[in-house]
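The sequence shown begins at -18 in our numbering and counts up by one. We treat Cβ as the ideally placed atom computed from N, Cα and C, and that holds for glycine.
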Amino acid sequence: MKLYGYWRSSATYRVRIAMALKGIDYDYEPVNLLKGEQKSPAYLAKNPNGLVPILITDDGAALNQSLAIMEYLEEAFPDPSILPCDPIARAKARAIAATIACEAQPLMNLRIQKYLKEEASLDDIAVNSWLNRWPGSAMAAVEKMTAETGGDYCVGDTPTIADACLVPQWFAALRFGIDLSGLTRLNEVYERCIALPAFEKAHPMNQPDAVKG
């Protein structure tokens, strides 16, 4: 399989975590978002949305949208699982993942921040306020969700799809200065996750296209 992605993309990061947790080998094809490589005709032929990641399966299928890719990985490579066994717990893990991937992360990605600064003419202080209001409030909701479902991790005592989404979002939130001070439960889960080899392998700074320094 081949994964097209960008080292600092949260969506790519969560797929890398899922693949590392499952021990799946793949080739990596960097797509430089800052240079606009995602807008090239060749890339758009694979993903009309012009976003990362894309996973090319062994059968040659091009899959996009990180949550759909992780669900595919779970179905195609079920062991080890990244979903709990219990149906209710599975649904709650998916809900946490969706809250992060659909309500928090998209509102702080590169194209949104570029729009806020260049087209909406917001200064850095206003952008930071915006990020705390929208992605920040979504993360506060996740804090409450994991208070109900959590053990060592977001849902129970084994990393799931929820943790694969949490860690990249937390990493990005720290980078963009979102106030996480009240999210003590999520901080504990984050620290526990990043100590695991799979999460370390997937870390942005450990990718071949990472920009050092």
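Query                                                                                    : Result
Exposed unless 16 or more other CB atoms sit within 10 angstroms - verdict on Thr141     : buried
Residue ranges of each alpha helix (DSSP H) within the segment 166 to 192, 4 or longer   : 178 to 183
According to DSSP, residues forming a beta bridge with Asn45                             : Ile35
Nearest to Pro34 (by Cα), restricted to the options Asp60, Ile(-2), Pro59 and Asp67      : Ile(-2)
Same chain, Cβ closer than 7 Å to Lys98, neighbours up to 5 away in sequence not counted : Val108
Pick from Pro189, Arg156 and Gly31 that is closest to Gln46, judged by C-alpha positions : Gly31
Cβ-Cβ separation, Glu129 to Arg166 (assumed contact under 8 Å), whole Å                  : 10 Å between Cβ atoms; not a contact.
8 Å contact criterion, which Tyr24 and Glu18 should meet: CB distance rounded            : 6 Å
Cβ distance (whole Å) where Gly4 is taken to contact Pro65 below 8 Å                     : Their Cβ separation, rounded to whole angstroms, is 19 Å, which puts Gly4 and Pro65 out of contact at 8 Å.
Whole-angstrom distance between Glu169 and Cys135, CA atom to CA atom                    : 10 Å
Ile69 to Pro61 span [Cα, whole Å]                                                        : 19 Å
is_contact[Gln150, chain D] using C-beta, thresh 9 Å                                     : Here chain D cannot be found, since the structure has a single protein chain.
Own chain, CB closer than 7 Å to Leu112, minus 5 neighbours either side, in chain order  : Met89, Phe157 and Ile159
Option nearest Leu91 by Cα separation, candidates Tyr53, Cys146, Ala(-8) and Lys27       : Ala(-8)
Tyr7, enclosing beta strand (DSSP E) - first and last residue                            : Tyr7 -> no beta strand (DSSP E), and no H or E assigned at all.
Lys(-17) in three-state terms, based on DSSP                                             : strand
Status (buried if at least 16 other CB within 10 Å, exposed otherwise) for Ala72         : exposed
Identity of the residues DSSP links to Gly131 by a beta bridge                           : Gly137
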